[in-house]
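Only one structure is covered here, and it is reproduced in the block below.
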Amino acid sequence: TRLGGEIRLALDHGQFRVVYQPIVELPSGRVAAVEALVRWEHPQRGLVSPVDFVPVAERNGLIVELGEWILRTACHQMATWRRELGEQAPDRISVNVSARQLARHGFAATVAAVIAEAGLPAPCLAVEVTETAVFEGGQAVVTLNELRDLGVRIALDDFGTGHSSLNLLQTVPVDILKVDKSFVDTITEAGRHAVIAEALIQVSHGLGLAAVAEGVETAAQAEALHRLGYRLLQGYYFGRPVADPNFALSTAVATQD
Ligand code: G
Ligand code: G
Ligand code: MN
Ligand code: NA
Numbered sequence: 463t464r465l466g467g468e469i470r471l472a473l474d475h476g477q478f479r480v481v482y483q484p485i486v487e488l489p490s491g492r493v494a495a496v497e498a499l500v501r502w503e504h505p506q507r508g509l510v511s512p513v514d515f516v517p518v519a520e521r522n523g524l525i526v527e528l529g530e531w532i533l534r535t536a537c538h539q540m541a542t543w544r545r546e547l548g549e550q551a552p553d554r555i556s557v558n559v560s561a562r563q564l565a566r567h568g569f570a571a572t573v574a575a576v577i578a579e580a581g582l583p584a585p586c587l588a589v590e591v592t593e594t595a596v597f598e599g600g601q602a603v604v605t606l607n608e609l610r611d612l613g614v615r616i617a618l619d620d621f622g623t624g625h626s627s628l629n630l631l632q633t634v635p636v637d638i639l640k641v642d643k644s645f646v647d648t649i650t651e652a653g654r655h656a657v658i659a660e661a662l663i664q665v666s667h668g669l670g671l672a673a674v675a676e677g678v679e680t681a682a683q684a685e686a687l688h689r690l691g692y693r694l695l696q697g698y699y700f701g702r703p704v705a706d707p708n709f710a711l712s713t714a715v716a717t718q719d
């Protein structure tokens with residue numbers, strides 16, 4: 463496709479950017495982690511969303527090269543923050559990895575080389591994978607075990623929206639559950655809407671996993687999540703994805719403890 467060909471050119475001409483969204487820890491308000499998200503600054507079309515070009519790059523295979531560039535950029539940025547900010551630096555950077563990258567032999571070796579080159583300790587990196595990407599098993603699960611052996615953290619993204627959520631937790635190494643925005647959206651509505659968000663925090667605690675609630679847009683949602691036991695929150699309420707996030711303490715949430 464035309465867009466597919468343009469992705470090749472965009473890589474060569476440096477049109478991709480990585481932006482970073484804070485993941486805030488409660489009750490401190492500290493930015494405990496950031497998620498790296500890719501953006502395409504297209505000279506004619508303006509800002510193109512990854513929703514439009516990541517699937518194209520997955521189909522034509524360029525996601526491998528693009529994904530490696532994103533990983534390298536994010537790891538170097540994280541290493542810079544650690545040098546410049548010291549204690550104020552986030553503990554971890556989270557990078558989205560697509561099914562196609564995960565299915566490659568040698569992906570874990572690439573990750574090992576990139577973090578070594580950046581001088582980043584492995585636990586400072588998390589890879590975000592979707593349930594769908596690991597559902598098929600095979601090399602994707604082999605790769606996750608290799609990453610886990612390196613000390614890299616593994617986050618299950620959009621958790622609760624795939625086909626095999628709970629079963630996957632028994633077969634795949636996972637450190638972090640990213641509870642999908644759809645369960646956060648309804649949490650303050652009357653009725654039974656908080657039940658799933660509550661069940662998911664209990665599953666994560668029971669399995670010794672960290673849980674991140676995604677897509678938090680209001681103070682009321684943040685407070686409701688905190689009451690349910692969520693300690694890591696991400697969403698526009700705390701900060702949008704930006705090139706240069708503010709790592710100062712967030713006072714944006716009133717908490718009970
Ligand atoms: O940042 P949002 O901004 O619009 O991202 C939209 C979608 O694109 C999400 O599903 C997100 O996971 C995906 N995405 C964003 N950045 C990356 C990336 O660096 N790599 C991959 N594989 N997907 C990404
Ligand atoms: O699939 P994944 O969870 O990686 O994608 C994250 C997507 O969600 C990105 O597009 C990111 O920009 C977007 N996002 C992050 N916080 C919020 C939020 O509070 N509200 C909405 N609508 N989108 C958000
Ligand atoms: Mn993600
Ligand atoms: Na998500």
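Counting from 463, one number per residue, gives the positions in the sequence shown under full-length UniProt numbering.
C-beta atoms are modelled at their ideal positions from N, C-alpha and C, and glycine is treated no differently.
Residue i: buried (16+ other C-beta within 10 angstroms of its C-beta) or exposed?
{"i": "Q483", "result": "buried"}
{"i": "D619", "result": "buried"}
{"i": "T542", "result": "exposed"}
{"i": "Q550", "result": "exposed"}
{"i": "G653", "result": "exposed"}
{"i": "A571", "result": "exposed"}
{"i": "Q563", "result": "buried"}
{"i": "S712", "result": "buried"}
{"i": "T463", "result": "exposed"}
{"i": "Q718", "result": "Unreliable placement is indicated for Q718, whose pLDDT of 49 sits below 50; the coordinate value is still reported in the next sentence. Its Cβ having fewer than 16 others within 10 Å, Q718 is exposed."}
{"i": "G600", "result": "exposed"}
From which residue to which residue does the alpha helix (DSSP H) around residue i run?
{"i": "T650", "result": "Careful: T650 lies outside any alpha helix (DSSP H) and carries neither H nor E."}
{"i": "T633", "result": "S627 to T633"}
{"i": "L609", "result": "Q601 to L612"}
{"i": "V518", "result": "P512 to N522"}
How about residue i and residue j: do their beta carbons lie closer than 8 Å?
{"i": "P552", "j": "V596", "result": "no"}
{"i": "V496", "j": "S556", "result": "yes"}
{"i": "V636", "j": "L671", "result": "yes"}
{"i": "V481", "j": "V704", "result": "yes"}
{"i": "I663", "j": "Y692", "result": "yes"}
{"i": "residue 451", "j": "G622", "result": "An answer regarding residue 451 cannot be provided, because it is not within the stretch 463 to 719 covered by the chain."}
{"i": "V510", "j": "H504", "result": "yes"}
{"i": "G608", "j": "N558", "result": "The question names Gly, but residue 608 in the sequence shown is Glu. Cβ distance not < 8 Å, so E608 and N558 don't count as in contact."}
{"i": "I469", "j": "L547", "result": "no"}
{"i": "V500", "j": "R534", "result": "no"}
{"i": "L639", "j": "E593", "result": "no"}
Would you kindly report the start and end of the unbroken beta strand (DSSP E) that includes residue i?
{"i": "A565", "result": "Careful: A565 lies outside any beta strand (DSSP E) and carries neither H nor E."}
{"i": "L499", "result": "R492 to H504"}
{"i": "R615", "result": "R615 to F621"}
Using a Cβ-Cβ distance cut-off of 8 Å, determine whether residue i contacts chain C.
{"i": "G691", "result": "Absence of chain C from the displayed structure is noted, only one protein chain being present."}
Any residue whose CB is nearer than 5 Å to a heavy atom belonging to ligand 3, listed in chain order:
Applying a distance threshold of 5 Å between residue Cβ atoms and the heavy atoms of ligand 3 selects N558, E590 and D619, given in chain order.
Can you list the beta strand (DSSP E) stretches of 3 or more residues lying completely in the region 569–599, in chain order?
Contiguous beta strand (DSSP E) elements confined to the region 569–599 occur at 587–592, taking only those with 3 or more residues.
Start-end ranges of the beta strand (DSSP E) lying completely within the region 671–697, minimum 3 residues
672–675 and 694–696
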